[in-house]
Each structure stands twice: as C-alpha cells, then as structure tokens.
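Take the sequence shown: its position 61, counted from the start at 1, is 61 in the working numbering, and no numbers get skipped. Just so you know, even glycine gets a beta-carbon here, dropped at the ideal spot from N, CA and C. Structure record follows, encoded as structure tokens.
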Amino acid sequence: MRMSKSLRLESITCVRGDRTLFEELNLEIKPGSILRISGDNGSGKSSLLRILCGLLTPHAGKVFWGSDPITEDRDQFHGELIYLGHIPALKADFSAIENLMSLALLGGQSISNEEAMNALREAGLDRQAHRFIRTLSQGQKQRIALSRLLLPQPKSIWILDEPFNALDRDANRALQNLLINHVNRGGIVALSSHQDLQIDDNASVIRLEL
C-alpha cells in the first residue's frame, strides 16, 4: 500500500449550536504520517475527526483528498477509509466474530470467517470470538472494534476517535506498533487522544482549546 494523496483541511470552521469550536483551521496529513488531536472534552476533537472523514459538514471550508474535495467522489474516498468512533459500534446480542464481520461488510470489506478469526486471534481475543458482546469488558469491546485494522484488504486512511480508551498496557503498546507499521507502509492515521504517546515522536500533534 503506497498512497500519493494527502488529506487536507482548508479554512475549516466548525460551529456546534451557538459555539464556535475552531475556525480557519488548515492542516495537511501526508501519506506515511500521523496526526494526533488533543484537547479537553468538548473542545471539538470528535467533530474534527468527523469532518475529516466526511460525516460532519463544516460551517466553512473544505476537506480535500489529493486535489479534489472529498464530496466529489464520496464512494471512492470512503472505500479507502476506516473510521472508528469513541464508542465501539458493536451489537450487544452479536458475538465478537459476528460483530467484526458485520463491521467489515458495512465498510465494504467482504471477509471470511477464517480471516475474522485470524484478526481476533492476533488481537488476543480468539477465546472471546463466540461470546456475546454484552458479556465482555469495555477493554475487550474496544479491542474487537480495533481488530478491524488487522483484517486483510487494508484501507489506507485510518481515522480513530480515542482508540486507546480502556486498553491495558500491552494492548496500548500493540496498537501503537500497528499504527507505526501502517504509516510505514504509506498509510495515513488521524486520531484523538488525551494521552501522551510514544508515537508522538512520529506524529504531528495539535491541541484544540475550549
């Protein structure tokens, strides 16, 4: 996977209700790079990530993928994208493996049962593969959602909202290594986190203020 297109924000302003979260924001995430967004709760971290992936329309400004606005070909752009929100989008009455296969299918990835099991095994969740989500801990739920990043047919743009939430030290370290490997292959990562991370040495960090 080698990308030649950057993800770029030009003069982005975000207004929620009667409050301006940020305005005239310009930034570029080049292939092979990481952006970490920090800031207090309510500062606009999730809104910025949702703007980046086209789920939220900014009050002003545009998001570009390469030279084209992402609104010009949403299907092609979303075909290169994985977005994981800060709350794992898992169905309580589905098993772990059913949830993973469902998430992949919704994201345009058709995977086999074996491929899903391999991803869960790599995440250390093979013993939980057939357990209902409602019986699992928050950390296990987070790791199931993140195991989508371990599937074949990798997407090039990863946009992750608080991906380190509820992870123990080993899972935290494994995720940071996975992100580094992804950008070393030419991928793009944009994430929010209130933690200082080892990957900050390889990342651009911006802080949003209330």
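In terms of residue numbering, what span does the alpha helix (DSSP H) encompassing Ile51 cover? Counting along the chain, the alpha helix (DSSP H) containing Ile51 begins and ends at Lys45 to Leu52.
Going by alpha carbons, who is nearest to Glu28 out of Arg8, Ile37 and Arg36? If we check each option's Cα against that of Glu28, Arg8 comes out closest.
With distances taken between CB atoms, is the gap from Phe179 to Ser147 smaller than 8 Å? Reading the sequence as shown, one finds Leu at residue 179 and not Phe. Leu179 places its beta carbon 8 Å or farther from that of Ser147.
On the CB-based measure, 16 or more other CB atoms within 10 Å of its CB, does His130 come out buried or exposed? Burial call: exposed.
Compare the beta carbon distance of Thr13 and Gly79 with 8 Å and say whether it is the shorter of the two. Contact flag unset, no.
Can you name the residues that DSSP bridges to Asp68? According to DSSP, Asp68 bridges with Trp65.
Just verifying my parser: in three-state terms, what is the DSSP assignment at Thr57? Taken through DSSP and simplified to helix, strand or coil, Thr57 comes out as coil.
Between which two residues does the beta strand (DSSP E) carrying Arg16 extend? For Arg16, the enclosing beta strand (DSSP E) covers residues Leu7 to Arg16.
Contact under 8 Å by Cβ, Ala123 with Leu105: No.
For Leu136, which residues in the same chain have their Cβ closer than 8 Å to its Cβ, ignoring the five residues on either side in sequence? For Leu136, where only same-chain residues beyond five positions count, the Cβ hits under 8 Å are Ala96, Gln128 and Ile144.
DSSP bridge partner residues for Ala190 (one or two, in chain order): According to DSSP, Ala190 bridges with Leu35 and Ile159.
Given this structure, state the Cα-to-Cα distance separating Ser192 from Met101, to the nearest angstrom. About 25 Å.
Ile199 - partner residues in DSSP beta bridges: Its beta-bridge partners do not exist; DSSP assigns none.
Let's test the definition: count the other Cβ atoms within 10 Å of the Cβ of Arg50 and tell me whether it reaches 16, buried, or not, exposed. Buried, since its Cβ has 16 or more Cβ neighbours within 10 Å.
Would Ala92 and Phe132 qualify as a contact pair, given that the criterion is a beta-carbon distance under 8 Å? With contacts defined by Cβ atoms closer than 8 Å, Ala92 and Phe132 form a contacting pair.
Going along the chain, which residues of its own chain have a beta-carbon closer than 8 Å to the beta-carbon of Pro163, five neighbours each way excluded? Leu84, Gln142, Leu146, Leu175, Leu191 and Ser193.
Beta strand (DSSP E) segment containing Leu103, residue limits: It is not in any beta strand (DSSP E) - Leu103 instead sits in the alpha helix (DSSP H) that spans Ala96 to Leu106.
According to DSSP, simplified to helix, strand and coil, what is Asn26? In the structure shown, Asn26 sits in a strand (DSSP, three-state: E or B).
Report the three-state DSSP secondary structure of Leu208 (helix, strand or coil). Strand.
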